[in-house]
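First comes the structure, then the notes that go with it.
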Amino acid sequence: METLDVRGLPHSERPQLILKKLEELGELELIVEVKPVPVITMLESRGYTCEAEQSGGAWRVRIRKKQG
462 METLDVRGLP
472 HSERPQLILK
482 KLEELGELEL
492 IVEVKPVPVI
502 TMLESRGYTC
512 EAEQSGGAWR
522 VRIRKKQG
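Throughout, our numbering is defined as the position within the sequence shown, counted from one, plus 461.
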């Protein structure tokens with residue numbers, strides 16, 4: 462699973478970049494400063510599953526397309 466670290470990027474640029482990477486790869490591990498609840502909600506509404514955990518001062522979110 463590829464890792465995408467978006468810490469430091471403007472919040473307005475993140476959703477587009479995340480969606481582009483997911484279209485290319487199908488799954489992704491995202492690293493962010495805080496739990497990205499709005500992004501998780503948006504991704505789940507588009508058919509992805511998201512598992513978030515805090516690790517070393519950052520949040521890691523594993524994103525995969527739902528099976529089915």
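We put the CB at the ideal spot given by N, CA and C, even for glycine.
> Considering Q477, what are the terminal residues of the alpha helix (DSSP H) in which it resides?
Replying inline: Looking up residue 477 in the sequence shown gives position 16. Unbroken alpha helix (DSSP H) run through Q477: R475 to L486.
> How long is the line joining the alpha carbons of G487 and R521, rounded to whole angstroms?
Replying inline: On the sequence shown, position 26 is the one that residue 487 refers to. On the sequence shown, position 60 is the one that residue 521 refers to. Between G487 and R521, the C-alpha separation is close to 17 Å.
>> Taking the alpha-carbon of E484 as reference, which of I492, R507, S473 and A519 has the nearest alpha-carbon?
In response: As a position in the sequence shown, residue 484 is number 23, starting the count at 1. When only C-alpha atoms are compared, the closest one is R507.
> Can L465 and L491 be called in contact, C-beta distance under 7 Å?
Replying inline: Here residue 465 is taken as the residue at index 4 of the sequence shown, counted from 1. Here residue 491 is taken as the residue at index 30 of the sequence shown, counted from 1. Yes, the pair counts as a contact, with Cβ atoms nearer than the cut-off.
> Cα-Cα, which of K482, K527 and L478 is closest to C511?
Replying inline: Mapped onto the sequence shown, residue 511 falls at position 50. Comparing Cα-Cα distances from C511 to each of K482, K527 and L478, the minimum goes to K527.
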